[in-house]
Amino acid sequence: MTTLSVILIAAVFFLIGAAVGHLFSKKVDSGDKSVRNLEQKLAASEKELKRYQQEVTEHFITASHLTSNIGQSYRQIHEHLASKAMRLASSDVARQILKSGGSDFGLLDSNGNPLIDLSDVEVPRDYAPSVPGGILSENYGLTEAEQNKAENLTENITQSRAGNRVEGNAENDASPDFLDNIDGDEKDPTQSVA
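To convert, note that position 19 of the sequence shown is 58 in our numbering; the numbers rise steadily by one, no gaps.
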């Protein structure tokens, strides 16, 4: 082998190596480009996701405010209807309106004024009011003749007791037997309910 052939073989191998190196560097560069492209796409996707999340958040905040406004408007309408029903309509209508709205709102209008005048509110009683001839009357269920007889009996008893007190004689007080059966043949009218 001559020197020329050695130089020629070396030059050929050098060119082959240069070509292989060039091809290898292009592959590496294209891999770097694809990585850069993927990173850019990922950054763009993240930016788009953040923008979308911001839009969703703004949407729900706006929807919340609008819903709150609707609820407040409904409450104001209901308070207005209830207050006017209490003043203008019957108590049954007012109760129905209060029940339909849940009546869990405060009894103040939107300006803080009371819907109900406290002078109109009656304190609950633990007794029933006495009405003449009503169910709590002593003469309830008695005929007129029985009422007269009961009144006469009451007068006799009070006169008898008054007389005994004046005389100071406690033995002549009306006995329980006297009160239980006046005529002997009639029943106690308060025990028989028609």
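Every residue, glycine too, gets a C-beta built ideally from N, C-alpha and C.
Rounded to whole angstroms, Tyr91 and Ser103 show a C-alpha spacing of 18 Å. Taking each of Val95, Ala189, Glu87 and Ser139 in turn and checking the Cα distance to Ile116, the smallest one comes out for Ser139.
With a beta-carbon spacing of about 6 Å, Ile155 and Met125 fall inside the 8 Å limit used to define contacts. The three-state secondary structure of Val132, taken from DSSP, is helix.
One Cα belongs to Ala121, the other to Arg114, and the distance between them is close to 10 Å. Assigned with DSSP and collapsed to three states, Tyr166 falls in coil, not helix or strand. Spanning the alpha carbons of Ile48 and Gly56 requires a straight line of approximately 12 Å.
When the beta-carbon positions are compared, Asn178 and Gln186 come within less than 8 Å of each other.
Shown here, Thr96 sits in a helix according to DSSP, grouped into three states.
Each residue's CA atom was taken as its position, placing Pro168 and Thr106 some 48 Å apart.
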